[in-house]
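Undergrad:
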């Protein structure tokens, strides 16, 4: 098999691979800190639980998946201790999905891991180099129509 040189890749593919490597680095740090069993797909669920407590139906709609798929993801995170189903405030028959203390701790650990990764990249690229890279990535995200989904915490997994 012929080796591929990263500098020969198109911008989108290169950005995807950089993001994938960053996600792997963060996940490895989470595992080392005792937050095991988490997968990249769980992050898409977590983004909707950080500031709210949706029902399974609401979560499914936000993730553009079936209620069965959302329920399966929630059940897995529940078994791992990251989320729980709690009674609704107005109607106890309604079940809401919420982060547990362990889930909130995992979010904080992931944020900390991303900050450490950012510092590592800053040390490698320099302040100005990393700032320019980030500025260009934001510009490309905007050009490709992804900015609003990020702002709304509505980023979906690739199909």
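Residue numbers (UniProt numbering): 1 to 159.
Even glycine gets a Cβ: it sits at the ideal position worked out from N, Cα and C.
Being a predicted model, the structure only gives us computed values, none of them experimental.
Give the DSSP-derived three-state secondary structure of residue 87 in the structure shown.
TA: Mapped onto the chain shown, residue 87 falls at position 87. In this structure, residue 87 counts as strand in the three-state DSSP scheme.
Undergrad: Which two residues bound the contiguous beta strand (DSSP E) that contains residue 96?
TA: Walking along the chain shown from the start, residue 96 turns up at place 96. Here the beta strand (DSSP E) through residue 96 covers 95-99.
Undergrad: Below 8 Å CB to CB, which residues in the same chain sit around residue 81 once its five sequence neighbours on both sides are set aside?
TA: What you label residue 81 is simply residue 81 of the chain shown in a count that begins at 1. The answer, listed in chain order, is 100, 102 and 103.
Undergrad: Using CA atoms only, rank isn't needed, just tell me which of 13, 2 and 8 is closest to residue 140.
TA: Sequence index remark: in the chain shown, residue 140 carries index 140 (1-based). Of the candidates 13, 2 and 8, the one whose C-alpha sits nearest the C-alpha of residue 140 is 13.
Undergrad: Kindly indicate the opening and closing residues of the alpha helix (DSSP H) around residue 42.
TA: Here the question's residue 42 lines up with position 42 in the chain shown. First-last of the alpha helix (DSSP H) with residue 42: 40-46.
Undergrad: Does the Cβ of residue 110 have 16 or more other Cβ atoms within 10 Å, making it buried, or fewer, making it exposed?
TA: Translated into positions along the chain shown, residue 110 becomes position 110. Under this definition residue 110 is a buried residue.
Undergrad: Alpha carbon to alpha carbon, how far is residue 79 from residue 86?
TA: Taking the chain shown and counting its residues from 1, one reaches residue 79 at position 79. Taking the chain shown and counting its residues from 1, one reaches residue 86 at position 86. Rounded to whole angstroms, residue 79 to residue 86 spans 15 Å at the Cα level.
Undergrad: How about residue 154 and residue 62: are their beta carbons less than 8 Å apart?
TA: Locating residue 154 in the chain shown gives position 154, where the first residue counts as 1. Locating residue 62 in the chain shown gives position 62, where the first residue counts as 1. Contact: yes.
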